[in-house]
Amino acid sequence: MADGAVQATGPRRARLVVLIPYVWLVAFFLVPFLIVLKISLSQTAIAQPPYVPVFDPAADWEGLKQFLAALSFENYAFIGSDWLYLASYLKSLEVAAVSTALLLVVGFPLAYGMARAPRRWQPALFMLIVLPFWTSFLIRIYAWVNILQRDGLLNQLLLALRIVDEPPAWLSTDTAVYIGIVYSYLPFMVLPIYATLERMDESLIEAAADLGCPRWKAFWLVTLPLSLPGVMAGALLCFIPIVGEFVIPDLLGSSQTMMIGQTLWTEFFANKDWPVASAVAAVLLCLLVVPTVIYQQVQTRNLERGR
Amino acid sequence: MRKASWFNLASVALGLAFLYLPIVILVIYSFNASRLVTVWGGWSTRWYAELLNDSAMLEAAWVTLRIAFLSATVATVLGTLGAIALVRFGRFRGRLLFAGMTYAPLVMPEVITGLSLLLLFVAVNIDRGFWTITIAHTTLTMCFVTVVVQSRLLTFDTSLEEAAMNLGCPPLRTFLTVTLPLIAPALVSGWVLAFTLSLDDLVLASFTTGPGATTLPIRIYSEIRLGVKPEINAICTIVIAVVATGIIAASLLAKFHDVSRDRGARFPVH
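Encoded structure:
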């Protein structure tokens, strides 16, 4: 069926359909990465652009050889030797792992509640979960700055309820970062889990109940394993971008241990060290290759299952 | 037959409260008369009036809207082509790489994408500003459009297309008169998604911008770094209102489209 459509379209026009987005992505997604790799092997220079060597396509073989000889792994050695960068990477992985776990704890009951809600409520609930995702990321973080600041609403509430005597500082703490991340990424966790739970055949639970299985055990033995593809997709969809998160730790977190996204940002915008920034990005990319590949496979399988 | 249990009800209610309360508070405080953002001084629209005099903010908003409109439109075209390629073309050469390049930007940290695009723009030596931000946003958002259109194409009944072609309709016309109207709701939601993502983006825009092109998020971000201000609450409320209206309109449109199509099927007009 599908092949018929392609053949009938004619090979040339069909090729164009693939070619246009293909070329765009190669030009603006793949090639830039290669440039990052190349610059991460270059040295900082006070010039425009601020690195050497600059590849000169006009030079012939000799030029290329000189160019290759001038590349070095210095920036990587520098990143490896400086504790600041290592701490940054570890901090990012830690924050991403803890927040993914928190997201699961918060998101799973929400997704479960949605999937088990009466059918006619579900489109509205789905919409309600998606809607905040469409509202600006930056604005949602800003909303929390409003609430968490020293004389903000949270502290006013805590003081009024006499839970605390002194207003605690929320901003510039890890707690604030976790709140911000869980808040921003919640739809990414809830929706894939909801999608698998909603598709689940409920007669399986009834069968378990008929056979005398207690409800919690049926949940543990039937519902949970069946929801795993959704849980996987959700966890990866959250974990990977959180590792490189910039806005949330920058606005809500402390400046003591920076996450790697912040380090990259500072290296680039404040220190103007493009080669080191590129090397930081290249290492981050390597860290994320494995989870990204797994994510792609999970995504493809889930899409095909949804057919 | 389904009964909402207390536990499920509570988890949904708490989750929704968590998602909406901060935004509601932000909106309420944008109408606060007091300059002190934490003290309630009665209702007022003075911060909205003040925004109208902030020409830098208005200029930023205008630039952002233009970028969002342009990049969403291009992204919808590119993303739709990509989705058709992935769903309909079977295992063409280079499919793996193409699928990889489509899914990777969805999860790739924006700092990496932003940095790499900037280095590309520097390497080819083009002036950074409006157009470079537009290219960056198009690249990111076309992948979201692809995913949205792809899921629609996967659940799509191809027999209608086959019928049209069996009746001698040429492929391009089949696409324009049969396929396109059927996947139109996905295109609309893909466009709206791309538009809002572009409207919202700070990181890519910061990397790829140049002198003279300050977008709204860049502007808001630099203001937030200086602290909470009532004017920022007001501009944020306006952005939320614009986006929410757009989304609700788009989803109603999609629903209306579905309903009228179902009706059309049941009560053929001709």
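Respectively, the protein sequence lines represent chains Y and G.
Counting in my numbering, the first sequence tops out at residue 629, every number present.
Counting in my numbering, the second sequence tops out at residue 632, every number present.
The beta carbon of each residue, even a glycine, is placed where N, CA and C say it ideally should be.
Per DSSP, residue i forms a beta bridge with which residues?
i	result
G/W405	G/N394
According to DSSP, simplified to helix, strand and coil, what is residue i?
i	result
Y/Q365	strand
G/Q512	helix
Y/S458	coil
G/P490	Inspection of the sequence shows that residue 490 of chain G is occupied by Arg rather than by Pro. In this structure, G/R490 counts as coil in the three-state DSSP scheme.
Y/T588	helix
G/G530	coil
Y/E524	coil
Y/S394	coil
Y/A491	coil
G/A375	helix
G/V590	coil
G/A627	Its pLDDT being 45, under 50, G/A627 is placed unreliably in this model, and the value from its coordinates should be taken loosely. If DSSP states are grouped into helix, strand and coil, G/A627 belongs with the helices.
G/R455	coil
Y/Q578	coil
G/G572	coil
Y/M511	helix
Y/P440	coil
G/F431	helix
G/K617	helix
Y/E567	coil
G/F506	helix
G/M419	helix
G/D562	helix
Y/I342	helix
G/T496	helix
Y/A327	Note on Y/A327: pLDDT 44, under 50, position unreliable in the model; the coordinate value appears next. DSSP places Y/A327 in helix when its eight states are reduced to three.
Quick check: what's the CA-CA separation for residue i versus residue j?
i	j	result
Y/W466	Y/G502	7 Å
Y/T588	Y/A531	57 Å
Y/V612	Y/G429	24 Å
Y/Y344	G/F451	13 Å
Y/G326	G/V449	The predicted position of Y/G326 is uncertain, since its pLDDT is 42 and thus under 50; no value can be drawn from it.
G/L432	G/T496	7 Å
G/V439	G/V509	13 Å
Y/A555	Y/Y617	6 Å
G/N415	G/R408	11 Å
G/R335	Y/L513	In this structure chain G extends from 363 to 632, so residue 335 of chain G is not present and cannot be described.
G/S373	Y/L432	5 Å
G/G404	G/N394	6 Å
Y/A439	G/G377	14 Å
Y/S577	Y/E524	49 Å
Y/I515	Y/R623	14 Å
Y/V417	Y/Y500	8 Å
Y/Y464	G/T541	42 Å
G/D598	G/F569	Note on identity: in this sequence residue 598 of chain G is Cys, with Asp being the wrong assignment. Cα to Cα, the separation comes out at about 22 Å.
G/L381	G/I488	41 Å
Y/A399	Y/V602	11 Å
Y/F355	Y/S362	10 Å
G/F537	G/T435	19 Å
Y/L476	Y/V340	52 Å
Y/L338	Y/F591	39 Å
Y/L393	Y/S600	14 Å
G/R535	G/G441	20 Å
Y/R629	Y/F510	Model confidence at Y/R629 stands at a pLDDT of 48, short of 50, so the residue's coordinates are unreliable; what they give is reported in the following sentence. If I take the Cα positions, the gap works out to 21 Å.
Y/I342	Y/E396	38 Å
G/L388	G/S406	14 Å
G/L578	Y/R537	51 Å
Y/R462	Y/R335	44 Å
**OP:** Please list the residues of the stretch 342-362 of chain Y that have a C-beta atom closer than 7 Å to any C-beta atom in chain G, keeping them in chain order.
**Re:** Flagged, chain order: I342, P343, Y344, W346, L347, F350, F351, L352, V353, P354, F355, I357, V358 and I361.
Original post:
Quick one: any contact between the stretch 562-578 of chain Y and the stretch 523-543 of chain Y, if contact means 3 or more CB pairs under 8 Å?
Top reply: Fewer than three beta-carbon pairs drawn from the stretch 562-578 of chain Y and the stretch 523-543 of chain Y are found closer than 8 Å, and the two stretches are therefore not classed as touching.
Original post:
Got a sec: which bits of the stretch 476-488 of chain G sit with their beta carbon under 7 Å from any beta carbon on chain Y, in order along the chain?
Top reply: Those would be L477, S478, L479, L481, L482, V484 and A485, in chain order.
Original post:
Are three or more beta carbon pairs between the stretch 448-465 of chain Y and the stretch 604-611 of chain G nearer than 8 Å?
Top reply: Contact annotation: the stretch 448-465 of chain Y touches the stretch 604-611 of chain G, with at least three C-beta pairs closer than 8 Å.
Original post:
Along the stretch 558-573 of chain G, what residues have a CB closer than 9 Å to any CB found in chain Y?
Top reply: Those residues of the stretch 558-573 of chain G placed with their C-beta closer than 9 Å to a C-beta in chain Y are T558, L559, L561, D562, D563, L564, V565, S568 and F569, ordered along the chain.
**OP:** Compile a chain-ordered list of the residues in the stretch 587-599 of chain Y whose CB is closer than 9 Å to at least one CB of chain G.
**Re:** For the stretch 587-599 of chain Y, which is checked against every Cβ of chain G, the residues closer than 9 Å are W587, F590, F591, W596 and A599.
**OP:** Would you check if the stretch 524-532 of chain G and the stretch 576-584 of chain G touch, i.e. whether three or more CB-CB distances between them fall below 8 Å?
**Re:** Segments in contact, no.
**OP:** Select from the stretch 424-452 of chain G all residues with a C-beta closer than 8 Å to any C-beta belonging to chain Y, and list them in chain order.
**Re:** Legend: CB atoms of the stretch 424-452 of chain G lying less than 8 Å from CB atoms of chain Y belong to residues L440, G441, L443, G444, I446, A447, V449, R450, F451 and G452.
Original post:
Can we say the stretch 457-475 of chain G touches the stretch 348-366 of chain Y, given the rule of at least three CB pairs closer than 8 Å?
Top reply: Taking 8 Å as the limit for Cβ pairs, the verdict is that the stretch 348-366 of chain Y does touch the stretch 457-475 of chain G.
Subject >> Three CB pairs or more closer than 8 Å across the stretch 552-562 of chain G and the stretch 499-519 of chain G >> reply: Yes, since at least three Cβ pairs between the stretch 552-562 of chain G and the stretch 499-519 of chain G fall closer than 8 Å, the two stretches touch.
Original post:
Which of the residues in the stretch 561-576 of chain Y, read from start to end, lie with their CB under 9 Å from any CB of chain G?
Top reply: Answer in chain order: F561, I562, P563, I564, V565, G566, E567, F568, V569, D572 and L573.
**OP:** Identify each residue in the stretch 511-524 of chain Y for which the Cβ-Cβ distance to at least one residue of chain G is less than 8 Å, and report them in chain order.
**Re:** Those would be V512, in chain order.
Subject >> Contact list for the stretch 535-554 of chain G against chain Y, Cβ threshold 7 Å >> reply: Correct list: empty, as no residue qualifies.
**OP:** Anything in the stretch 404-415 of chain G with a Cβ closer than 9 Å to a Cβ of chain Y? List those residues in chain order, please.
**Re:** Identification of residues in the stretch 404-415 of chain G having a C-beta nearer than 9 Å to some C-beta of chain Y yields an empty set.
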